[in-house]
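Here's the structure we're looking at; comments come further down.
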Amino acid sequence: MKIGILSDTHGILKEEVLKNLEGCMALFHAGDVGGMEILERLRKIAPVYGVEGNNDSIEMGLPKSLEVELEGYKFFMIHDLKSIKEVPKGYDFIISGHSHQFDIHYKSKTTYINPGACGKRRFGLPLTMVLMNLEKGTHLEIITLDK
21 MKIGILSDTH GILKEEVLKN LEGCMALFHA GDVGGMEILE RLRKIAPVYG VEGNNDSIEM
81 GLPKSLEVEL EGYKFFMIHD LKSIKEVPKG YDFIISGHSH QFDIHYKSKT TYINPGACGK
141 RRFGLPLTMV LMNLEKGTHL EIITLDK
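Residue numbers (this note's numbering): 21 to 167.
This is the structure:
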């Protein structure tokens, strides 16, 4: 199962992002979506699991955090991981955004993923996203976007 993981689009959904998401069976958006039109375009590709970012409107109806189980893996997602006092335990993956800084690290049996931002370049950071493949174990691929 191929999963696209993105964050901080801030209302911009680049064609390069859409091309990389082709063939995904699920999409995770870790907040700061920037509008319903972004979610609608993403839903044409695959089911979208998204959370509200600090720049998203409450009218979008996104939860502050989300728990999802796919292919036997447990996911927890929140926009800003620093916004919670204690990181929940028992998840295979914790996905967050907010910082615009790509990061993958491991703590105990949990993989922490921040896909970075793939909307508008900010803070001098590259635009990034992550593709995950859950077939025959877990494979993570960082995608650095051209523009």
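Yeah, the Cβ is synthetic: ideal placement off N, Cα and C, and Gly gets one too.
Candidates the options: closest to residue i by CA position
i: T164; options: M21, L26 and P108; result: L26
i: K39; options: E155, V150, F113 and H159; result: V150
i: K127; options: M56, Q121, F113 and S119; result: F113
i: E14; options: G117, L90, V107 and R142; result: Outside the displayed range of the chain (21 to 167) lies residue 14, so it cannot be described from this structure.
Proximity of residue i and residue j at Cβ, strictly below 8 Å
i: I58; j: G92; result: no
i: C138; j: T130; result: no
i: V71; j: G43; result: no
i: I115; j: I133; result: yes
Neighbour-count burial assignment, residue i, 16 or more Cβ in a 10 Å radius
i: I23; result: buried
i: H159; result: exposed
i: D76; result: buried
For residue i, the residue or residues it bridges with in DSSP
i: D123; result: N134
i: K94; result: E89
i: Y69; result: F48
i: N148; result: The displayed chain sequence assigns Thr, not Asn, to residue 148. The partner list for T148 (beta bridge, DSSP) reads T164.
Residue i - containing alpha helix (DSSP H), residue span
i: N40; result: E35 to L41
Host beta strand (DSSP E) of residue i (start-end)
i: E57; result: Unbroken run through E57 is the alpha helix (DSSP H), M56 to R63; no beta strand (DSSP E).
i: G24; result: K22 to L26
i: H118; result: Unbroken run through H118: none, as it is neither H nor E.
beta-carbon residue i near the ligand ADP non-hydrogen atom, thresh 7 Å
i: T158; result: With respect to the ligand ADP, the structure offers nothing, as it holds no ligand at all.
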